[in-house]
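Engineer: Just so you know, we're using the working numbering here: the sequence shown kicks off at 2 and counts up by one.
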Amino acid sequence: MRQTWRWFGPNDLVSIDDIRQAGAEGIVTALHHLPTGSVWSPAEIAQRQAEIDTMSDGTPSGLGWVVVESLPVSEDIKKQRGAWREHVAAYRDSLSHLAAAGIEIVCYNFMPVLDWTRTDLAWRLPNGATCMRFDLTDFAVFDLYLLARKGAAEDYDEAISEAAARRHAGMTDDARRLLGRNVVFGLPGAADHFTLDDVRAHLAQYAGIDAATLRQHLTDFLELVVPDAERLGIRLCCHPDDPPFPLLGLPRVMSTEADYRALVSAVPSPANGITLCSGSLGARPDNDLPGMMRRLGAHVHFLHLRNVARESAAIRGSFHEAEHLGGDTDMVALIAAALAEETHRHGAGRPDWSIPFRPDHGQDILDDLGRKAQPGYPAIGRLKGLAELRGVITALSHPMTSATS
Ligand code: DNO
């Protein structure tokens, strides 16, 4: 399993030097500064590779750009409106430029409007660490009162609606503003500049798009890009919905094992694969992560290893981001399944037998609390996660254990 680390580029407060010291072997990044729908030019790609390759004192980092996360799919492509065909053409050009630069793994998602969604970006744990949290009552406050979305009332049961009414009534204006900011933080582009009216305008454009239509648009997109990817030797891998259930009346089609089966069988190809994100998928009690890895492992091109603690037994419920070996996903069983898949691939002569993973997210601990890096992406919390995961991998790979044979 190849140990990778997400880096947001030169502005990331966690540096290439830090990543080297954390023991990572490769980088996951994207050209975040380029607008969605534009072509990633060879020059931009080469510049990012040079930044990855060099430590601050000019010596080689030994790291390389292993995974693109994400080459974003535009809202136009998801809706099949406006400039969507131009955006598909740009996507194909970007894939060919990435392949020419030696990059083989490209992650994307197909979530309408919202990418990952949390209500709290720094929730305090009893030991003083902070983590990200999704609280369904807070989310209902956002939906019912801040956004005041038409039809929202139908989406919440009585208990949540009543709790949301009480909570909203007791919130200060500052608390309401902070909640609004937190919820839109995962929006593509500029969290700081997104107003509630922008969110309403985005939602309105999905009025006629249900889950079946969105899934069809995903298949259409794949039919247009997968043949190129296959020819170029690129492995596309779709990231799941986070959280894995519909929000704000928007359809979501990448939340369950059945969704992933539909994805890989819609356009069968080694280039049409999966980013198995245990944190996103693990927020639902009916997603069996080790089982998904065993059953769908052949299609998994990239792993996000993260854990969540579910706070209710509901399909759509509150959760917070736990330590990597804590929470509700059996991380040891998941890693054992990934190692078994690698053994199987190795035996079958697959050149892609080594599966890249990254310690996804981390709690803010120690100096992270003052550094204020990208929410979810602290230096020390992730270093701790990576170290724990590396420990599990080392133990399960040891000849004394038979877990991978
Ligand atoms: C959040 C991430 C997601 C992910 C994209 C992939 O921390 O896991 O933003 O990168 O959904 O397209």
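Just so it is clear, CB atoms sit at the ideal spot from N, CA and C, and this is done for glycine as well.
1. Indicate, with yes or no, if ligand 1 has a heavy atom lying under 7 angstroms from the CB of Gly-103.
2. Spatial neighbours of Tyr-207 within its chain, please: CB distance less than 6 angstroms, with the 5 preceding and 5 following residues excluded, ordered by chain position.
3. Using C-beta distances below 7 angstroms, list every residue in its chain close to Asp-19, excluding the 5 sequence neighbours before and after it, in chain order.
4. Let me make sure I understand the geometry here. Which of Ala-84, Val-142, Trp-117 has the alpha-carbon closest to that of Val-185?
5. With a threshold of 6 angstroms on Cβ separation, who are the neighbours of Phe-222 within its own chain once the five nearest residues in sequence on each side are excluded?
6. Is Tyr-109 a contact residue of ligand 2, with contact defined as CB to any heavy atom under 7 angstroms?
7. Where does Asp-144 land, buried or exposed, given buried means 16+ other C-beta within 10 angstroms?
8. At a cut-off of 7 angstroms, would you count Trp-117 as near ligand 1, judging by its Cβ distance to the nearest heavy atom?
9. Straight-line CA distance for Pro-269 to Asp-58?
10. Can you tell which of Pro-36, Gly-83, Thr-30, Ser-39 has the C-alpha that lies nearest to the C-alpha of Val-68?
11. Going by the C-beta, is Glu-342 closer than 7 angstroms to any heavy atom of ligand 1?
12. Do Leu-35 and Arg-49 have their beta-carbon atoms positioned less than 8 angstroms apart in this structure?
13. I'd like the span of the alpha helix (DSSP H) that includes Leu-225, first residue to last.
14. To test your reading of the DSSP string, which unbroken beta strand (DSSP E) runs of 3 or more residues are found completely within the segment 297 to 375?
15. Could you have a look at Val-69 and say whether DSSP puts it in helix, strand or coil?
16. In the structure shown, what three-state DSSP assignment does Tyr-92 receive?
17. State yes or no: is the C-beta of Gly-363 nearer than 7 angstroms to some heavy atom of ligand 1?
18. Please tell me whether, using a cut-off of 7 angstroms, the distance from the CB of Glu-70 to the nearest non-hydrogen atom of ligand 1 is below it.
19. Would you kindly report the start and end of the unbroken beta strand (DSSP E) that includes Leu-237?
20. Three Cβ pairs or more, each shorter than 8 angstroms: is that satisfied between the segment 303 to 315 and the segment 324 to 341?
21. Which residue comes first and which comes last in the alpha helix (DSSP H) that contains Gln-4?
22. Could you pull the DSSP bridge partners for Phe-135 from this structure?
23. When the distance is taken between beta carbons, is His-362 closer than 8 angstroms to Pro-354?
24. Assess, as a yes-or-no matter, whether the segment 168 to 186 is touched by the segment 94 to 111 under the definition of 3 or more beta carbon pairs within less than 8 angstroms.
25. Among the candidates Ile-28, Ala-334, Leu-304, Leu-148, whose CA atom is the shortest distance from the CA of Gly-65?
26. Leaving out the 5 sequence neighbours to the left and right, which residues in its chain are closer than 6 angstroms to Arg-253 when beta-carbon positions are compared?
27. Cutting at 6 angstroms between CB atoms, please list the residues of its own chain near Ile-53, excluding the five before and the five after it.
28. If you drop the 5 nearest sequence neighbours on each side, which residues of the same chain put their C-beta closer than 6 angstroms to that of His-203?
29. Can you have a look at Asn-128 and say buried or exposed, based on whether 16 or more other CB atoms are within 10 angstroms of its CB?
30. With a cut-off of 8 angstroms, does the C-beta of Ala-380 fall near any C-beta of chain D?
31. Pick from Leu-249, Pro-245, Gly-209: whose alpha carbon is nearest that of Gln-200?
32. Could you tell me which residues DSSP puts in a beta bridge with Leu-277?
33. Using the rule of at least 16 other Cβ atoms within 10 Å of the residue's Cβ for burial, across every protein chain shown, is Gly-190 buried or exposed?
34. Assess, as a yes-or-no matter, whether the segment 162 to 170 is touched by the segment 137 to 151 under the definition of 3 or more beta carbon pairs within less than 8 angstroms.
35. Between His-302 and Ile-106, how many whole angstroms is the CB-CB distance? I'm expecting something under 8 angstroms.
Structural biologist: Reading off the structure:
1. Here residue 103 is taken as the residue at index 102 of the sequence shown, counted from 1. No - ligand 1 has no heavy atom lying nearer than 7 angstroms to the Cβ of Gly-103.
2. Within the sequence shown, the letter at position 206 stands for residue 207. Close CB contacts of Tyr-207 within its chain, under the 6 angstroms cut and outside five residues either way in sequence, are with Pro-113, Leu-251 (chain order).
3. Taking the first residue of the sequence shown as position 1, residue 19 is located at position 18. Excluding the 5 residues flanking it on each side, Asp-19 has same chain C-beta neighbours closer than 7 angstroms at Ala-380, in chain order.
4. On the sequence shown, residue 185 is found 184 positions in, with the first residue counted as 1. Nearest option by C-alpha distance: Trp-117.
5. By one-based count along the sequence shown, residue 222 stands at place 221. Taken in chain order, the residues that qualify are Ile-78.
6. In terms of ligand content, the structure shown lacks ligand 2 and carries ligand 1 instead.
7. By one-based count along the sequence shown, residue 144 stands at place 143. The residue is buried, with at least 16 neighbouring Cβ atoms inside 10 Å.
8. Numbered from its first residue, the sequence shown carries residue 117 at position 116. The nearest non-hydrogen atom of ligand 1 is less than 7 angstroms from the C-beta of Trp-117.
9. In the sequence shown, residue 269 corresponds to position 268, counting from 1. In the sequence shown, residue 58 corresponds to position 57, counting from 1. The alpha-carbon separation between Pro-269 and Asp-58 amounts to approximately 46 angstroms.
10. As a position in the sequence shown, residue 68 is number 67, starting the count at 1. With respect to the C-alpha of Val-68, the residue from Pro-36, Gly-83, Thr-30, Ser-39 having the closest C-alpha is Thr-30.
11. Position 341 of the sequence shown, counted from the start, is the residue given in the question as residue 342. Answer for Glu-342: no, Cβ out of range of ligand 1.
12. For the purposes of this step, residue 49 is taken as residue 48 along the sequence shown, with counting starting at 1. For the purposes of this step, residue 35 is taken as residue 34 along the sequence shown, with counting starting at 1. No. Outside cutoff.
13. For the purposes of this step, residue 225 is taken as the residue at position 224 of the sequence shown. 212 to 233 is the span of the alpha helix (DSSP H), which, as asked, contains Leu-225.
14. Counting only runs of 3 or more, we get 301 to 306, 309 to 311, 320 to 322, 357 to 360.
15. Looking up residue 69 in the sequence shown gives position 68. Strand, per DSSP.
16. Numbered from its first residue, the sequence shown carries residue 92 at position 91. In the structure shown, the three-state DSSP call for Tyr-92 is helix.
17. Your numbering for residue 363 matches position 362 in the sequence shown. For Gly-363, the CB stays at least 7 angstroms from every heavy atom of ligand 1.
18. As a first step, residue 70 is located in the sequence shown; it is residue number 69 there, counting from the start. In this structure, the C-beta of Glu-70 approaches ligand 1 to less than 7 angstroms from one of its heavy atoms.
19. Looking up residue 237 in the sequence shown gives position 236. Start and end: 236 to 240.
20. They touch, by the three-pair rule.
21. Working through the sequence shown from its first residue, we reach residue 4 at position 3. Unbroken run through Gln-4 is the beta strand (DSSP E), 3 to 7; no alpha helix (DSSP H).
22. Here residue 135 corresponds to residue number 134 of the sequence shown, with the count starting at 1. Note: Phe-135 sits in a beta bridge opposite Phe-320.
23. Position 353 of the sequence shown holds residue 354. Position 361 of the sequence shown holds residue 362. Inspection of the sequence shows that residue 354 is occupied by Trp rather than by Pro. Not in contact: Trp-354 and His-362 (Cβ atoms no closer than 8 angstroms).
24. With the cut-off at 8 angstroms, the segment 94 to 111 and the segment 168 to 186 do not touch.
25. As a working mapping, residue 65 is identified with position 64 in the sequence shown. Selected option, being the one with the closest Cα: Ile-28.
26. Counting from one through the sequence shown, the residue named residue 253 turns up at place 252. Closer than 6 angstroms at Cβ, skipping near neighbours: Asp-242, Pro-247.
27. Along the sequence shown, one-based indexing puts residue 53 at 52. Here the set comprises Ile-28, Leu-64, Trp-66.
28. Position 202 of the sequence shown holds residue 203. Hits under 6 angstroms: Val-114.
29. Sequence index remark: in the sequence shown, residue 128 carries index 127 (1-based). So Asn-128 counts as exposed.
30. Looking for chain D here will not work: only one protein chain is present.
31. Indexing the sequence shown from 1 puts residue 200 at position 199. One point to set straight first is that residue 200 is Val, not Gln, in the sequence displayed. Looking only at Leu-249, Pro-245, Gly-209, the smallest Cα-Cα distance to Val-200 is reached by Leu-249.
32. In the sequence shown, the residue the question calls residue 277 occupies position 276. Paired residues: Leu-304.
33. Here residue 190 corresponds to residue number 189 of the sequence shown, with the count starting at 1. Low confidence applies to Gly-190: its pLDDT is 48, below 50, so where it sits in the model is not reliable enough to give any reading.
34. With a cut-off of 8 angstroms, the segment 162 to 170 and the segment 137 to 151 count as touching, because enough Cβ pairs lie within range.
35. Here residue 302 refers to the residue found at position 301 when the sequence shown is read from its first residue. Here residue 106 refers to the residue found at position 105 when the sequence shown is read from its first residue. Sure, about 5 angstroms apart at Cβ, within 8 angstroms.
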